[in-house]
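K.L.:
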Amino acid sequence: MKQKSILFTAIVLVMLLVLGACSVPQSTQSNLSGPADLTIASKNFTENIILAHMMADLIEDRTGLKVKRTLNLGGSSITWKALLNNDVQLYPDYTGTIVANYYQEETGTAEETLQRTRELISQDGLEFLEPFGFSNSYALAVTPETAQKYNLKTFSDLAKVSHKMELGAEFDFLDRPDTYPGLQELYNMDFKRAKGMDRGIKYRLIAQNDIDVASALTTDGQVKMYDLVLLEDDKQFFPPYDAGAVIRSDLLEKHPEVGSAINELAGQISEQDMQEMNALVDEGYREDIVAREFLIKRGLLEK
C-alpha cells in the first residue's frame with residue numbers, strides 16, 4: 000500500500016508540472032461570460048479550497064451551470080453567515096463543526112452527528128449532501144523530540160506538562176467551544192501561553208522550536224512534511240468531522256442536478272488522499288490543479 004501511495008504521488012507530481020506550465024492564473028470565477036447561476040465558497044484553508052474546486056468542477060461539467068468561485072472567504076463563522084444570507088449557495092463543511100460550533104449542540108458517533116447535522120440545518124433551509132469519505136478531526140501535534148522528552152502519547156499526558164509549554168493555534172481554535180476552551184475544561188490543560196496565528200505560521204514555528212504544541216488537523220499536509228507526532232485524544236473530546244457539501248435547499252429545488260453532481264464525490268476521498276493533496280499545495284502546486292487532477296484520477300472528469 001505504501002509503494003502504491005508513493006507511486007500515485009509521483010505520477011500526480013509529474014502531471015501537475017505539465018498542467019501548471021499551461022494553466023492560467025487562478026480566478027475567483029470560472030471564465031464567466033455572463034451572470035453566475037450560483038456561487039460556491041470556501042473557508043480560508045487549503046483543504047477547503049481544494050474541495051470547493053472539486054465541487055465547482057463537477058457542477059460545471061455535469062450541469063453546464065455557470066459557477067462563481069468565491070474562495071478563501073474566511074473562517075467558519077464568515078462562510079456560515081454568507082450561506083445563511085444567500086451571498087453564497089454552497090461550500091464544503093464538516094459535521095462536527097456544524098453541530099458543535101454553529102448550533103452548540105452535543106455530537107455523537109459519526110452517523111449520529113451526520114443525522115443531527117441534517118436535522119439542525121433543515122430548520123435554516125439548508126441540506127448536507129453525502130459525505131466525501133473522510134473525517135478531518137482536530138488534533139494536537141508535537142515534534143518527535145518533544146514527545147520523547149516528556150513521554151507524550153495522549154492529550155492527558157500533555158495536560159500534565161502543559162504549564163511548561165506554549166501552544167500555537169488558529170485564532171478561531173482558541174475561541175470555539177468545540178476546541179481549546181473545551182479542552183481546557185475536560186483535560187485541565189493550562190498552557191504557559193496560547194498564541195493565535197495563521198495556519199501556515201504555526202507549523203514553521205513548531206519546526207523551529209519557537210512553540211511547543213500546535214493545533215492540527217488530521218489531514219494537514221504539514222504534519223507529514225514536518226514529521227510531527229499527533230497525540231491521541233484519549234477522552235474523545237473532538238467530535239467526528241465528516242466532510243461534505245452544505246447547500247441551500249432553494250438552490251436544490253431549482254437545480255436538483257447540482258446535488259446529483261456533488262454526490263458523485265460520496266465516499267471518494269480518504270484521509271490519506273486528502274493529506275496527500277494538501278501536501279502537494281504546501282509544496283507549491285495550485286489548489287485548482289490538484290483538485291482537477293484528483294477528479295481525473297478517480298475517473299470523474301476527463302482530461
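Using numbering that gives the first Met the number 0, the letters of the sequence shown correspond one by one to residues 0 to 302.
Just so you know, even glycine gets a beta-carbon here, dropped at the ideal spot from N, CA and C.
Predicted, not measured: the structure shown is a model, and the values here were computed from it.
In three-state DSSP terms, what is T69?
P.N.:
Position 70 of the sequence shown, counted from the start, is the residue given in the question as residue 69. Strand at T69.
K.L.:
Please classify S26: is it buried, with 16 or more other beta-carbons within 10 angstroms of its beta-carbon, or exposed?
P.N.:
Stepping through the sequence shown from its first residue, residue 26 is reached at position 27. The predicted position of S26 is uncertain, since its pLDDT is 39 and thus under 50; no value can be drawn from it.
K.L.:
Suppose the cutoff is 7 Å on Cβ atoms and the five residues either side in sequence are ignored; what does the same chain contact list for Y137 look like?
P.N.:
One-based indexing of the sequence shown puts residue 137 at position 138. So the list reads T178, S214, L216, F237, once near-sequence residues are dropped.
K.L.:
For the alpha helix (DSSP H) that contains T38, what are its first and last residues?
P.N.:
Position 39 of the sequence shown, counting from 1, holds the residue named residue 38. It is not in any alpha helix (DSSP H) - T38 instead sits in the beta strand (DSSP E) that spans 37-42.
K.L.:
Hey, which unbroken runs of the beta strand (DSSP E) at 3 residues or more fall wholly within the region 109-190?
P.N.:
Counting whole runs of 3 or more residues, the region 109-190 contains the beta strand (DSSP E) stretches 125-127, 137-141, 165-168.
K.L.:
In whole angstroms, give me the CA-to-CA distance for S41 and I48.
P.N.:
Taking the first residue of the sequence shown as position 1, residue 41 is located at position 42. Taking the first residue of the sequence shown as position 1, residue 48 is located at position 49. When rounded, the distance between both Cα atoms is 5 Å.
K.L.:
So what's S269 in DSSP terms, helix, strand or just coil?
P.N.:
The count along the sequence shown starts at 1 and reaches residue 269 at position 270. S269: coil per DSSP, three-state reduction.
K.L.:
In the DSSP output, which residue or residues are listed as bridge partners for E231?
P.N.:
Taking the first residue of the sequence shown as 1, we reach residue 231 at position 232. Note: E231 sits in a beta bridge opposite T153.
K.L.:
Does L89 come out as helix, strand or coil in the three-state DSSP assignment?
P.N.:
Within the sequence shown, the letter at position 90 stands for residue 89. Note: L89 maps to strand in three-state DSSP.
K.L.:
For E231, which of K191, S259, Y186 has the nearest alpha-carbon?
P.N.:
Taking the sequence shown and counting its residues from 1, the one referred to as residue 231 is at position 232. The option with the nearest alpha carbon to E231 is Y186.
K.L.:
Report yes or no: do three or more beta-carbon pairs, one from the region 251-264 and one from the region 107-116, lie closer than 8 Å?
P.N.:
Cβ pair count under 8 Å is below three, so no.
K.L.:
In the DSSP assignment, what are the bridge partners of R203?
P.N.:
Translated into positions along the sequence shown, residue 203 becomes position 204. According to DSSP, which records beta bridges pairwise, R203 is partnered with nothing at all.
K.L.:
Quick check: the Cα distance between G243 and P91, rounded to an integer number of angstroms?
P.N.:
Residue numbering aside, residue 243 sits at position 244 when the sequence shown is read from its first letter. Residue numbering aside, residue 91 sits at position 92 when the sequence shown is read from its first letter. Taking the straight line joining both Cα atoms gives about 6 Å.
K.L.:
Taking a contact to mean a Cβ-Cβ separation below 8 Å, would you say L294 touches M53 in this structure?
P.N.:
Counting from one through the sequence shown, the residue named residue 294 turns up at place 295. Counting from one through the sequence shown, the residue named residue 53 turns up at place 54. Their beta carbons are under 8 Å apart, which means L294 touches M53 by this criterion.
K.L.:
I'd like the list of long-range same chain contacts for Q88, defined as Cβ closer than 8 Å, with 5 residues on each side in sequence excluded.
P.N.:
Along the sequence shown, one-based indexing puts residue 88 at 89. Around Q88: L37, T38, I39, L82, I246, R247, L250.
K.L.:
Just reading off the beta strand (DSSP E) that R285 is part of, what are its end residues?
P.N.:
In the sequence shown, residue 285 corresponds to position 286, counting from 1. From DSSP, R285 is part of no beta strand (DSSP E); its letter is neither H nor E.
K.L.:
Within 10 angstroms of its Cβ, does P239 collect 16 or more other Cβ (buried), or is it exposed?
P.N.:
Along the sequence shown, one-based indexing puts residue 239 at 240. Buried: at least 16 other Cβ atoms inside 10 Å.
K.L.:
Expressed to the nearest angstrom, what Euclidean distance is found between the alpha-carbon atoms of R61 and K296?
P.N.:
For the purposes of this step, residue 61 is taken as residue 62 along the sequence shown, with counting starting at 1. For the purposes of this step, residue 296 is taken as residue 297 along the sequence shown, with counting starting at 1. Taking the straight line from one Cα to the other gives about 17 Å.
K.L.:
Could you give the residue range of the alpha helix (DSSP H) that holds K302?
P.N.:
Numbered from 1 along the sequence shown, position 303 holds the residue referred to as residue 302. That residue, K302, is in no alpha helix (DSSP H); it is neither H nor E in DSSP.
K.L.:
For the beta strand (DSSP E) that contains R247, what are its first and last residues?
P.N.:
As a position in the sequence shown, residue 247 is number 248, starting the count at 1. Counting along the chain, the beta strand (DSSP E) containing R247 begins and ends at 242-247.
K.L.:
For the alpha helix (DSSP H) holding A55, just list the boundary residues, first then last.
P.N.:
Counting from one through the sequence shown, the residue named residue 55 turns up at place 56. Unbroken alpha helix (DSSP H) run through A55: 45-62.
K.L.:
I'd like to check one pair, D241 with T96: are the Cβ atoms closer than 8 Å?
P.N.:
What you label residue 96 is simply residue 97 of the sequence shown in a count that begins at 1. What you label residue 241 is simply residue 242 of the sequence shown in a count that begins at 1. Contact flag unset, no.
K.L.:
List the DSSP bridge partners of V212.
P.N.:
Counting from one through the sequence shown, the residue named residue 212 turns up at place 213. The partner list for V212 (beta bridge, DSSP) reads L166.
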